[in-house]
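Structure first, commentary second.
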Amino acid sequence: MKPEAYFCYVVECADGTYYTGWSTDPLRRQRAHNRGRGARYTRSRRPVRLVYVESVPSRAQALRRERQIKGLRRAQKTALIAAGRARTQLFFQTREVSMSEEMLPPKLQWIEDELQALHQSGLYNHIRTLGSPQGAWLVVDGRKVLNFCSNNYLGLANHPRLAQAAKEAIDKYGVGPGAVRTIAGTMSLHVQLEERLAKFKGVEAAITFQSGFNANLGTIPALVGREDAIFSDELNHASIIDGSRLSRAKIIRYAHCDPADLKKQLEEHRSQYRRALVVTDGVFSMDGDIAPLDEIYTVTKDYDAILMVDDAHGEGVLGRGGRGIVDHFGLHGKVDVEVGTLSKAFGVVGGVVAGNGRIVEWLHQRGRPFLFSSAMTVPDTAACLAAIDLLEESTDLVDKLWANTEYFKGEMKKLGFDTGQSVTPITPVMLGEAKTAQEFSRALFESGVFAMAIGYPTVPRGKARIRVMISAAHNRDDLDKGLEAFAKVGRQLGIIA
0 MKPEAYFCYV VECADGTYYT GWSTDPLRRQ RAHNRGRGAR YTRSRRPVRL VYVESVPSRA
60 QALRRERQIK GLRRAQKTAL IAAGRARTQL FFQTREVSMS EEMLPPKLQW IEDELQALHQ
120 SGLYNHIRTL GSPQGAWLVV DGRKVLNFCS NNYLGLANHP RLAQAAKEAI DKYGVGPGAV
180 RTIAGTMSLH VQLEERLAKF KGVEAAITFQ SGFNANLGTI PALVGREDAI FSDELNHASI
240 IDGSRLSRAK IIRYAHCDPA DLKKQLEEHR SQYRRALVVT DGVFSMDGDI APLDEIYTVT
300 KDYDAILMVD DAHGEGVLGR GGRGIVDHFG LHGKVDVEVG TLSKAFGVVG GVVAGNGRIV
360 EWLHQRGRPF LFSSAMTVPD TAACLAAIDL LEESTDLVDK LWANTEYFKG EMKKLGFDTG
420 QSVTPITPVM LGEAKTAQEF SRALFESGVF AMAIGYPTVP RGKARIRVMI SAAHNRDDLD
480 KGLEAFAKVG RQLGIIA
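Numbering that gives the first Met the number 0 numbers the first residue of the sequence shown as 0 and each following residue consecutively.
Next up, the structure:
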């Protein structure tokens, strides 16, 4: 099969000299040179960097042009490279590679290879830049778009009362805690927040961490070790997976949201280990389904296992006034550990572990992120206190979140989209292949809707999706605009009729 194009190229070597060649894939040739599999000239002059690319219509012309460029003096080559810079940059842009990347030494060339593989498979994460506060609408890469990406469930990330609380705290306490909390970093605001969170959740005590991810990294290794076992839902969040690995306990996965399989695994393995920890997400962030925590509790209590739930996507969403999944199932006093985040419904940043008072006391002594990293910042802590005030005053925001969710999901199903098994504001639009999901996301953005594609490794291969996050900040007009864009793109790409 005839190649689509031929290129004459120039690479700059580590010693500042140039090497000229031709190829149907200059990027692949650059990688070959850097692995020592290119021309003899470049093997001792690695790493090399592609600085000039010129497309030609045939192999014969590529060879002819290669000889012409090789015959140029150094100053002439430098001028040629400068004159062709715009064309070369365009070549890189069409392949979604940055021309300005540093030349990698041979020992790191594998990174370049892996990045190229991500591009080619449609799994490369493209990070857009926001130029506005979080809200129903955002300015993204200089363009105003409807926000369907954020975990800002209740619209509190830019709420004036949270902003005012943060400003007042800065005036009174400054910006940062100055040290880890066990040395000199615990401020009265931290203590107030933990007391308020414990009261809000209906538990004995709470401890805050820098993030929900850190909360899991700190809690799981403090509860179990080499002689113990962790029984973990197969779709648990990455922070649970990483915390479990750090603990060095035996990890036994049970089928997703399947209490019967959990019972089977406990029956088979529990007696072999000193302690057992059963851990599950409350709301699963990619699918939007809810763990059957009541049934999991029933199974767990028969095997003398510690029960832990990560309620990151349940706080501010489920339960009375957003008190979370434990409240949703009426399991107060029965779940040993509740892990949560302050970066989603609360609209700020931080993590929390709530539950039995002695467990919280133990985490003060053995929770490594608590012991070895500075606490939440002062303005964040004050803003979280203001968020609790709002949640305790009224259920209006939670009620609006659910009304928006029911409307949007109902209309998406009418259009013919597959929204999976979600029963929460998380709305996965199932598309299958990662490239399809990325193409769908780009087309939505062109239509004024910011909704990112989610692919492997966040979700299994072949289960890529657009994850729509509904918020109380949206009004009905916002949702209708989003539905219109989904219908348009879905028909263009043949996803719906």
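The beta carbon of each residue, even a glycine, is placed where N, CA and C say it ideally should be.
Check, Outcome
"Would you kindly work out how many angstroms separate the C-alpha atoms of R269 and G242, rounded to a whole number?", "20 Å"
"Does DSSP put S99 in a helix, a strand or coil?", "Model confidence at S99 stands at a pLDDT of 47, short of 50, so the residue's coordinates are unreliable and nothing is read from them."
"Taking the Cβ atom as the reference point for each residue, do P46 and A13 lie within a distance shorter than 7 Å?", "yes"
"DSSP three-state call for L362: helix, strand or coil?", "helix"
"On the DSSP bridge assignment, give the partners of G20 in chain order.", "Y8"
"For E410, which residues from the same chain have a beta carbon less than 6 Å from its beta carbon, with the 5 sequence-adjacent residues on both sides left out?", "L482"
"Do L153 and V139 have their C-beta atoms closer together than 7 Å?", "no"
"Quick one: measure Cβ to Cβ for G281 and L155, integer angstroms, because I've assumed they're closer than 8 Å.", "At roughly 20 Å, the Cβ-Cβ gap does not stay under 8 Å, so G281 and L155 are not in contact."
"Tell me the rounded alpha-carbon separation between S43 and R64.", "25 Å"
"Mind checking who M429 pairs with in its DSSP beta bridge?", "R464"
"What is the DSSP secondary structure of A290, reduced to helix, strand or coil?", "coil"
"How long is the line joining the alpha carbons of A259 and E113, rounded to whole angstroms?", "40 Å"
"Mind checking which residues open and close the beta strand (DSSP E) that includes E337?", "V336 to T340"
"Among S22, Y5, Q29 and T23, which has the Cα closest to the Cα of E11?", "Q29"
"Should N213 and G350 be called a contact, given that it needs their Cβ atoms to be closer than 7 Å?", "yes"
"Would you kindly report the start and end of the unbroken beta strand (DSSP E) that includes M307?", "I305 to D309"
"Hey, quick one: how far does the alpha helix (DSSP H) through A486 stretch, first residue to last?", "R475 to Q491"
"Beta carbon of I495, beta carbon of P424: below 7 Å?", "no"
"Do A463 and G454 have their CB atoms nearer than 7 Å?", "yes"
"Classify Q75 as buried or exposed, calling it buried when 16 or more other Cβ atoms lie within 10 Å of its own Cβ.", "exposed"
"Alpha carbon to alpha carbon, how far is F6 from D288?", "51 Å"
"Verify whether the separation of the beta carbon atoms of A135 and D477 is less than 7 Å.", "yes"
"Please list, in chain order, all residues of the same chain as I251 whose beta carbon is under 8 Å from its beta carbon, the five residues on each side excluded.", "A228, I229, F230, S231, Q264 and H268"
"Would you mind working out which of K408, R466, P291 and E53 sits nearest C256, comparing C-alpha positions?", "P291"
"I'd like the list of long-range same chain contacts for K220, defined as Cβ closer than 6 Å, with 5 residues on each side in sequence excluded.", "As written in the sequence, residue 220 is Pro, which differs from the Lys given in the question. L245 and S246."
"Anyone know if the C-beta pair for A311 and E337 falls short of 7 Å?", "no"
"Rounded to whole angstroms, what is the Cα-Cα separation between F147 and S187?", "36 Å"
"Would you say W21 and A61 are within 7 Å of each other, going by their C-beta atoms?", "yes"
"Between the stretch 354-365 and the stretch 196-203, can you find at least three pairs of beta-carbon atoms closer than 8 Å?", "yes"
"Flag A165 as yes when its Cβ comes closer than 6 Å to any non-hydrogen atom of the ligand ZN, and as no otherwise.", "In terms of ligand content, the structure shown is empty, and the ligand ZN therefore cannot be addressed."
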